[in-house]
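Per the numbering used here: the sequence shown = residues 170 to 413. Even glycine gets a Cβ: it sits at the ideal position worked out from N, Cα and C. Small disclaimer: the values here were computed from a predicted structure and weren't measured.
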Amino acid sequence: LTIPHHMMGRSMQPHLLTGHADKHFELVKRVLSRWTGLTHWHHCLSERRRIDVRNICVAFAKHHGVVAYWREWIDSKPTDLFVPLTEADRWIRSRGVTSTNARLAWWLYTWARKDVHLRQWAADEHAGFENSRDAFFREAAIRLSTQFETISVDDYDIAVLKKQPELKKQEDVYVPPQVRYNLQHAAPGRFREILIEVMGPRCKPSERPGGLEKPVTSRESTKAGDSSETPSNDVTMDTADAAE
170 LTIPHHMMGR
180 SMQPHLLTGH
190 ADKHFELVKR
200 VLSRWTGLTH
210 WHHCLSERRR
220 IDVRNICVAF
230 AKHHGVVAYW
240 REWIDSKPTD
250 LFVPLTEADR
260 WIRSRGVTST
270 NARLAWWLYT
280 WARKDVHLRQ
290 WAADEHAGFE
300 NSRDAFFREA
310 AIRLSTQFET
320 ISVDDYDIAV
330 LKKQPELKKQ
340 EDVYVPPQVR
350 YNLQHAAPGR
360 FREILIEVMG
370 PRCKPSERPG
380 GLEKPVTSRE
390 STKAGDSSET
400 PSNDVTMDTA
410 DAAE
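This is the structure:
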């Protein structure tokens, strides 16, 4: 079972969108550091701190009365809702806004709105990919259920397998974007889970060789300090494992 190429391509779209949003955020933090003379902006790495920065930018824009220009900004159809500082500055000055703080507040406001847009778009794309993937898996599971009376599946705890790894609890621990993407979007055992949903009791747990509860790997054997036995290479794999 192979997921179609176009479907797998869609799985990367959320990562690309999040990457664009992160680049914009880094630019905003650099500008804020220069403007305020403070470097603590660069420590705003967690999602909570990111939301705090957005809220600060929105409040700053409201204080200087530039939020009202947002609709006109959209209607003017710029190349992007978030543009370089110089371009946003020219646009807002052409509307009679001359205060330096107000002009900066306008640019920061466009970033805040754009950041929300990109991150919501990424979330929607991820949900769309998961729905398409699950529909594809379900069609395959239904097809298998009509071809076979019973199917042997591994009896690993799927609830544990599919649990997404949690990031560290510290609010401001930096995790590289690709690592964060891999951690948050891992979903092992999904096809197996759908297969069991479709076939119910017709899915039979596979028998493990040698009466082992789980196959023993050479690494596990080494950790246990048992060099007297050679781990078995006979590993039972089911159709669902091969698909993933």
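- Linking M177 to E308 through their CA atoms gives a straight-line distance of about 17 Å.
- S263 has no beta-bridge partner at all, per DSSP.
- Pairing L273 with V200 gives a Cβ-Cβ distance under 9 Å.
- Distance between K246 and V322, taken at the CA atoms: about 55 Å.
- Here the C-alpha atom of A291 lies approximately 7 Å from the C-alpha atom of H184.
- Per DSSP, reduced to three states, the secondary structure at K373 is strand.
- Judged by beta-carbon spacing, D303 lies beyond the 9 Å limit of H193, meaning their Cβ atoms are not closer than that value.
- DSSP places I172 outside both helix and strand once states are collapsed to three, so it counts as coil.
- In this chain, the alpha helix (DSSP H) harbouring S301 covers T269 to Q316.
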